[in-house]
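In this note's numbering, the protein residues as written are 19 to 397.
Working notes for the structure below.
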């Protein structure tokens, strides 16, 4: 018995000593692991920033394309022609660019949304704007089913066409957790029809005899990215440029309800999947019991707070241009990181159907904008 007790005592001592050593190791671990994680992100993030700088320069030279599109193209090209850039050493930095940097870009862009100006001049455009947004979303559902384009690709093309191009896609990515190939295809589709709109809208507007206000409303509700709205509206002449920009800013506010709705639908889908995996019935949807803190992304509140701060005059007028440039650069950095995580082969596998979906939605939104203007007497 004494021998057994001695052995047990010895084992207990070894167990206590081992536990103490483990505690000391775990206590020391955060001091090492945190800076290590940050340093692991530096190479990939630095590369994304460098490509974003190059893309921004190209975007200034070819404003019709814009820096963000160049960002994802350069990233995808680099990953395609230099396969080593898709290695584990670079991935943490790409992830930082595609998530925190992307979310920060949306907050910064909110500083360029003066709500009082939107309410004063954009109210008249609201019927046309809501109508075209409805056409874009319902058209994506209908044509998407018809063409066999489903899932996140369809959603991203819909919000990009219906709201504000790359910015809307950027705001939607973290909510629905889209894959890089889906993002790239959606942005490529939006980019294609941005160029088509800039080239075609002004001559069509003159052919129809549209006033500058009518054309600004058409451009602001039917062209995707802000840069393309500006390019087409200024090319048309008169005050179409300033009016088109205000309409476009008003349209950008539609991000808030759309992102919230997508967040709720995503949470509901995840709950249904989890319940099916456990063999349990799908829980009933109760808004009060929804995990709102997890559903509503923090950057959405930041976006609204930034717009409110600008409306209250808390952001000096001289800061608007630098902040707009910063926001666009952050989006370009994020898209470069996304591009670096994929290759053109990923896009080729998606086929031609998403591009056809984008074409149908683009035409439907452009025609419905003209039709709604005719019905409301603003054409």
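Every residue, glycine too, gets a C-beta built ideally from N, C-alpha and C.
For residue i and residue j, I'd like the C-alpha separation in whole angstroms.
i: residue 292; j: residue 105; result: 32 Å
i: residue 261; j: residue 360; result: 38 Å
i: residue 251; j: residue 58; result: 45 Å
i: residue 285; j: residue 278; result: 11 Å
i: residue 247; j: residue 387; result: 14 Å
i: residue 147; j: residue 392; result: 14 Å
i: residue 197; j: residue 160; result: 23 Å
i: residue 255; j: residue 111; result: 44 Å
i: residue 234; j: residue 168; result: 33 Å
i: residue 72; j: residue 253; result: 26 Å
i: residue 77; j: residue 96; result: 18 Å
i: residue 263; j: residue 244; result: 7 Å
i: residue 102; j: residue 60; result: 16 Å
i: residue 325; j: residue 344; result: 16 Å
i: residue 225; j: residue 206; result: 29 Å
i: residue 176; j: residue 157; result: 8 Å
i: residue 211; j: residue 217; result: 10 Å
i: residue 133; j: residue 215; result: 27 Å
i: residue 195; j: residue 276; result: 15 Å
i: residue 259; j: residue 370; result: 34 Å
i: residue 185; j: residue 118; result: 15 Å
i: residue 288; j: residue 149; result: 30 Å
Pick from the options: whose alpha carbon is nearest that of residue i?
i: residue 320; options: 125, 60, 95; result: 125
i: residue 204; options: 242, 345, 222, 218; result: 242
i: residue 109; options: 378, 99, 282, 64; result: 64
i: residue 274; options: 264, 189, 206; result: 189
i: residue 123; options: 111, 316, 265, 346; result: 346
i: residue 162; options: 375, 128, 396, 394; result: 375
i: residue 220; options: 236, 157, 332; result: 236
i: residue 349; options: 154, 95, 187; result: 187
i: residue 193; options: 326, 84, 281; result: 281
i: residue 338; options: 129, 119, 95, 70; result: 129
i: residue 69; options: 224, 88, 184; result: 88
i: residue 115; options: 150, 149, 62, 102; result: 62
i: residue 397; options: 325, 229, 249, 258; result: 229
If you reduce the DSSP assignment to three classes, tell me which class residue i lands in.
i: residue 44; result: Since pLDDT at residue 44 reaches only 42, below the 50 mark, its modelled position is unreliable, and the value read off the structure follows with that caveat. It is helical.
i: residue 195; result: coil
i: residue 338; result: helix
i: residue 228; result: coil
i: residue 393; result: helix
i: residue 208; result: helix
i: residue 79; result: helix
i: residue 260; result: helix
i: residue 387; result: helix
i: residue 147; result: helix
i: residue 241; result: coil
i: residue 333; result: coil
i: residue 105; result: coil
i: residue 378; result: helix
i: residue 122; result: helix
When burial is assigned at 16 or more other CB atoms within 10 Å of the CB, is residue i buried or exposed?
i: residue 152; result: exposed
i: residue 266; result: buried
i: residue 335; result: exposed
i: residue 231; result: buried
i: residue 100; result: exposed
i: residue 340; result: exposed
i: residue 316; result: exposed
i: residue 48; result: Here the model assigns residue 48 a pLDDT of 44, short of 50, so the residue's position is not dependable and the matter cannot be decided.
i: residue 332; result: exposed
i: residue 127; result: buried
i: residue 323; result: exposed
i: residue 382; result: buried
i: residue 107; result: exposed
i: residue 227; result: exposed
i: residue 170; result: buried
i: residue 271; result: buried
i: residue 94; result: buried
i: residue 172; result: buried
i: residue 327; result: exposed
i: residue 44; result: Any reading at residue 44 must be qualified, since the residue scores a pLDDT of 42, below 50, and its modelled position is unreliable; the value itself is stated next. Result: exposed.
So, are the CB atoms of residue i and residue j less than 8 Å apart?
i: residue 181; j: residue 269; result: yes
i: residue 201; j: residue 174; result: yes
i: residue 90; j: residue 373; result: no
i: residue 143; j: residue 238; result: yes
i: residue 92; j: residue 395; result: no
i: residue 74; j: residue 85; result: yes
i: residue 213; j: residue 120; result: no
i: residue 379; j: residue 179; result: yes
i: residue 351; j: residue 80; result: no
i: residue 240; j: residue 384; result: yes
i: residue 222; j: residue 183; result: no
Consider the Cβ of residue i: report whether some Cβ of chain D lies at a distance smaller than 8 Å.
i: residue 61; result: No chain D is part of this structure, which consists of one protein chain only.
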